[in-house]
Amino acid sequence: MTPNRVGIAAIGITARGVVQGVGFRPFVHRLAARCGLAGWVENTPGSVVIHVEGDAAALSRFRAMFRSEIPAAARVTRLSVRKAAPTGVPGFTIRASRRDGIAFSTIPPDIAACPECLRELADPADRRHRYPFTNCTNCGPRFTIVASLPYDRERTSMAGFPMCAACRKEYGDPLDRRFHAEPNACPACGPRLSVRGGDGAPVETDDPIGVATRAILGGSIVAVRGLGGFQLAADATNDDAVRALRVRKRREEKPFAVMFRDVASVRAAARIEAADEAILRSPRAPVLLAPARTRSPLAPSVSAGLPTAGVFLPYTPLHRMLLDRTDRPLVMTSGNVTDEPIAIGNDEAMSRLRGIADLFLLHDREVVQRSDDSVVRRVGRGIYPIRRARGFVPAPVVLPRSFPDVVGLGGELKNTFCFVKGYAAYPSQHIGDLEQAPARDFYEEAYRFFRRFLDARPRAACHDLHPAYFTTAFADRAGADRLFALQHHKAHIFSALADTGFDGKAVGVAFDGTGYGEDGAIWGGEFFAIDGMDVRRAGRLAYFPLPGGDAAVREPWRTALSLLRETLGAAEAERAARELFPGVPPDSIRLVLDALEKKINVAPTSSAGRLFDAVAAICGLCARSSYEGQAPMRLEGAAARAAAGTYPFTLAEEDGQLAVDWSGLVRGTVADARGRLPAGTISRRFHDSLAAAVVAAASRLAESAGARHVVLSGGVFQNVTLLSRVLSGLRKRKLSPLIHRQVPANDGGISLGQAYYAAAQVAGG
Ligand code: ZN
Ligand code: ZN
Ligand code: FE
55 MTPNRVGIAA IGITARGVVQ GVGFRPFVHR LAARCGLAGW VENTPGSVVI HVEGDAAALS
115 RFRAMFRSEI PAAARVTRLS VRKAAPTGVP GFTIRASRRD GIAFSTIPPD IAACPECLRE
175 LADPADRRHR YPFTNCTNCG PRFTIVASLP YDRERTSMAG FPMCAACRKE YGDPLDRRFH
235 AEPNACPACG PRLSVRGGDG APVETDDPIG VATRAILGGS IVAVRGLGGF QLAADATNDD
295 AVRALRVRKR REEKPFAVMF RDVASVRAAA RIEAADEAIL RSPRAPVLLA PARTRSPLAP
355 SVSAGLPTAG VFLPYTPLHR MLLDRTDRPL VMTSGNVTDE PIAIGNDEAM SRLRGIADLF
415 LLHDREVVQR SDDSVVRRVG RGIYPIRRAR GFVPAPVVLP RSFPDVVGLG GELKNTFCFV
475 KGYAAYPSQH IGDLEQAPAR DFYEEAYRFF RRFLDARPRA ACHDLHPAYF TTAFADRAGA
535 DRLFALQHHK AHIFSALADT GFDGKAVGVA FDGTGYGEDG AIWGGEFFAI DGMDVRRAGR
595 LAYFPLPGGD AAVREPWRTA LSLLRETLGA AEAERAAREL FPGVPPDSIR LVLDALEKKI
655 NVAPTSSAGR LFDAVAAICG LCARSSYEGQ APMRLEGAAA RAAAGTYPFT LAEEDGQLAV
715 DWSGLVRGTV ADARGRLPAG TISRRFHDSL AAAVVAAASR LAESAGARHV VLSGGVFQNV
775 TLLSRVLSGL RKRKLSPLIH RQVPANDGGI SLGQAYYAAA QVAGG
């Protein structure tokens with residue numbers, strides 16, 4: 055057709071969000087060609103701009119197909135369509151983009167291998183047959199290979215691999231699936247695999263994946279250089295291999311993620327539904343926490359007693375080939391010693407993972423941005439993030455309005471930081487626990503990267519109230535004009551507000567581990583009255599004395615003892631404790647009771663997380679805890695499926711605040727535990743009762759504030775058994791719950807809340 059005949063019309067489309075580096079322009083080009091339309095498409099900073107013209111029927115066909123066929127890896131956050139004047143251009147072109155001044159948002163997150171690339175990988179006739187670094191505009195490494203901006207090959211770790219003639223041709227052809235695919239590569243010009251022994255000595259082979267496969271099948275642990283860093287791979291059906299990995303990695307009981315060849319093999323190990331399958335197959339390919347099957351091919355030590363499995367699918371061609379050839383599920387865990395950042399460099403891995411890995415499967419494409427695998431749960435039909443990194447970062451959270459540059463520095467554990475710039479908040483990848491120097495180095499490195507590439511000039515930085523957090527000390531070096539300190543649980547609430555985009559009156563519930571409170575107490579079971587950006591504490595779990603120090607965190611029976619003493623009195627508490635904690639020496643029980651009596655190293659707390667710790671200990675599920683959150687996870691894992699009645703609770707008023715009195719809950723669990731009721735029954739009763747208490751307290755506060763929404767945040771809401779009961783309870787009372795969908799409810803989400811708060815403060819004058 056000739057586009058400039060009479061009767062033609064034109065439209066302009068602007069798409070914002072993650073729309074660059076994800077095959078958007080070739081997609082538009084192909085669509086325009088199919089519809090017989092003329093015009094152009096171009097990248098501008100932060101958006102893709104499209105102009106199409108032709109007859110009206112073709113234009114409406116284009117619009118309909120456009121919406122339904124947007125590339126899977128794209129995330130369009132705003133789409134505007136407007137009438138435009140026809141220009142009479144002949145044909146359709148992809149216009150060269152202005153490369154200068156392109157915003158940070160143009161670096162997309164890493165994208166799981168697409169079906170077309172996987173087809174080529176398996177096709178003996180294709181020139182990329184069995185080539186582990188194949189990728190295209192729809193898939194492949196992105197964020198993890200970027201060293202600087204703008205995002206093009208010279209500024210990625212692909213710079214050292216000049217394209218061969220065949221690759222160059224694909225790269226330059228707008229109709230090719232590899233048009234402007236920056237990491238485009240083939241066996242002739244791209245990265246290569248190599249193998250080293252556990253001692254670092256080179257292993258000569260023309261089949262590195264074969265060598266790795268045989269090692270894994272023989273029970274060895276293989277360090278694999280993946281996308282965001284090294285992973286440790288072991289046969290997930292071999293209990294000896296998995297146990298050895300635990301010992302060497304110094305990871306006693308925390309569950310391992312397992313990679314499966316396909317969805318069918320996931321189903322053998324975990325109960326998943328269609329919505330779970332969609333999450334597993336998505337371009338972000340996260341680890342999904344799903345209910346484990348009791349009869350499963352997985353070795354018992356993979357999940358170490360928890361009824362949950364972390365499952366995911368191969369997301370690079372290398373993983374695909376490893377899984378195809380081993381043909382069994384593989385533990386794929388971060389390549390590190392517990393609590394350290396993931397190793398990324400070949401030499402770094404060979405020194406840090408020496409003694410852990412028996413073999414190294416290496417390659418020569420550098421990992422530039424350290425990024426762990428992301429972890430999610432499913433709530434309703436959508437994802438509920440637990441750890442946000444590879445596949446998600448650096449995609450922004452879009453804010454309801456535009457703000458000056460600010461930064462939230464994050465918490466101490468599960469740390470992330472977050473820059474706000476304009477409409478976008480950019481949470482960093484999961485950094486980890488900042489108690490050790492290597493993690494702090496990682497923090498500073500990542501912080502500098504984000505700051506430089508966002509060209510951020512933070513007008514303010516926001517940190518936690520806790521004086522001893524690393525990030526509180528770092529605030530002085532953050533390069534910001536002003537500093538704000540924000541209470542931990544308020545930050546959780548602001549995080550949920552930014553995540554959901556909610557603006558108005560609401561009740562906030564932050565159920566969490568522990569955070570430094572404004573009154574000097576240790577907060578963690580908090581209710582807030584929200585009015586826009588005004589967040590005030592309105593209620594809490596009733597305070598109880600928390601035995602201090604790390605010992606109480608590692609040994610939940612200490613916290614339980616305090617609750618026993620509060621509800622039963624010291625003498626009866628001692629008797630109950632001896633009965634309930636037979637493994638604890640009577641002297642230790644007496645010692646803790648003494649400390650509580652004399653208030654030595656004891657602080658008042660309203661922590662919901664500690665309440666869970668205590669109840670887990672009372673049920674005999676976790677006298678000792680080997681990792682953060684183990685006791686609550688065990689308690690959730692034990693909960694019986696059938697409802698079994700509830701324990702009483704009361705709502706009281708204490709110094710102008712609503713206080714949830716938990717003593718009935720504790721009395722009930724203790725009586726049941728001493729009566730030898732199964733832990734599953736007690737756990738179920740406790741979950742149902744606490745959920746009922748949350749719903750009752752939130753409803754009362756909502757009524758007095760005239761609010762209809764309830765915002766839920768804090769690490770305790772990673773517990774979906776509790777969460778789902780709170781959600782249904784609130785809905786029964788005609789209240790609308792709002793939950794996290796983009797950042798974790800745990801401390802990984804704190805930085806977004808801090809940044810959002812500081813942004814509003816600065817914007818408000
Ligand atoms: Zn692809
Ligand atoms: Zn090539
Ligand atoms: Fe927290």
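In this note's numbering, each residue carries its 1-based index in the sequence shown increased by 54. Built from N, CA and C at the ideal position, the CB exists for glycine as well. From a predicted model like this one, the values you see are computed outputs, not experimental measurements.
#### Entry: Complete beta strand (DSSP E) runs within the region 651–706 (minimum length 3 residues, chain order)
656–659
### Message
Is Ala138 a contact residue of ligand 2, with contact defined as CB to any heavy atom under 6 Å?
### Response
no
#### Entry: Close-in-space but distant-in-sequence residues of the same chain around Leu719 (CB under 7 Å, 5 per side omitted)
Tyr701, Phe703, Phe740, Ser743, Leu744
### Query
Once you ignore the five residues that flank Ala539 on each side, which residues in its own chain have a CB closer than 8 Å to its CB?
Cys516, His517, Asp518, Leu519, Thr526
### Message
Counting beta carbon pairs with one atom in the region 215–226 and one in the region 191–206, are three or more of them shorter than 8 Å?
### Response
no
### Query
Are the region 690–698 and the region 312–323 in contact at 8 Å, needing three or more beta carbon pairs?
no
### Cβ neighbours of Ala293 in the same chain (closer than 7 Å, five flanking residues each side left out)
Contrary to the premise, residue 293 reads as Asp rather than Ala in this sequence. So the list reads Ala353, Pro354, Ser355, once near-sequence residues are dropped.
### Message
Looking at ligand 2, does it come within less than 6 Å of Pro213, judged from the CB to the closest heavy atom?
### Response
Position check: residue 213 holds Ala in this sequence, whereas Pro was assumed. Ala213 Cβ: outside cutoff for every heavy atom of ligand 2.
### Query
Which first and last residues belong to the beta strand (DSSP E) in which Gln711 is found?
711–715
### Task
Going by CA-CA distance only, name the one from Phe666, Asp459, Lys653, Pro454 that's closest to Ala550.
Pro454
### Query
Nearest-angstrom Cα distance between Asp464 and Glu96?
Here residue 464 is Gly; the residue named in the question, Asp, does not match the sequence. Going by the C-alpha atoms only, they are around 37 Å apart.
### Query
So, using beta-carbon positions, are Arg304 and Val385 closer together than 7 Å?
no
### Query
What separation, rounded to the nearest whole angstrom, lies between the Cα atoms of Ala493 and Ala403?
16 Å
### Message
Three or more C-beta pairs under 8 Å: does that hold for the region 596–615 against the region 657–668?
### Response
yes
### Query
To which residues of the same chain is Leu343 closer than 6 Å at the C-beta, ignoring the five residues directly before and after it?
Thr362, Gly364, Arg431
### Task
State the CB to CB distance for the pair Leu415 and Pro262, rounded to an integer number of angstroms; the pair is presumed to be in contact (CB under 8 Å).
6 Å
### Query
Where are the alpha helix (DSSP H) runs, 4 residues long or more, that stay fully inside the region 197–281, in chain order?
219–226, 262–271
### Task
Closer than 6 Å by C-beta to Leu537: which residues in its own chain qualify, once you throw out the five before and the five after it? Chain order, please.
Ala515, Ala529
### Query
Taking the C-alpha atoms as reference points, what is the distance between Tyr570 and Asp381?
49 Å
#### Entry: Nearest-angstrom Cα separation, counted from Phe771 out to Ile65
46 Å
### Task
Assign Gln285 to one of three DSSP states: helix, strand, or coil.
strand
### Query
With DSSP run on the structure shown, which of helix, strand or coil describes Asp726?
helix
### Task
Going by DSSP, name the residue or residues bridged to Trp823.
Outside the displayed range of the chain (55 to 819) lies residue 823, so it cannot be described from this structure.
### Query
Does the Cβ of Val301 have 16 or more other Cβ atoms within 10 Å, making it buried, or fewer, making it exposed?
exposed
### Query
So what's Thr370 in DSSP terms, helix, strand or just coil?
coil
### Query
So Thr735 is in the alpha helix (DSSP H); what residue range does that whole segment cover?
733–759
### Query
Which residue from Asn655, Gly674, Gly623 puts its Cα closest to that of Glu633?
Gly674
### Message
Any heavy atom of ligand 3 inside 6 Å of the beta-carbon of Gly769?
### Response
yes
### When Leu377, Arg728, Pro512 are compared against Arg531, the one with the closest alpha-carbon
Pro512
### Query
On the premise that Gly389 lies in contact with Ala277, defined as a C-beta separation below 8 Å, what is that separation, rounded to the nearest angstrom?
5 Å
### Task
To the nearest angstrom, report how far apart Pro521 and Arg506 are at their CA atoms.
27 Å
### Message
Which residue marks the beginning of the beta strand (DSSP E) containing Ile437, and which one marks its end?
### Response
436–441
### Message
Using the three-state DSSP reduction, which class does Ile156 fall into: helix, strand or coil?
### Response
With a pLDDT of 40 at Ile156, under the threshold of 50, the modelled position of this residue cannot be trusted; read the value that follows with caution. Ile156 falls in the coil class under three-state DSSP.
### Message
By the three-class DSSP mapping on this structure, what secondary structure does Pro454 have?
### Response
strand
### Alpha-carbon spacing of Ala150 relative to Gly802, whole angstroms
38 Å
#### Entry: Proximity of Ala583 and Arg590 at Cβ, strictly below 7 Å
yes
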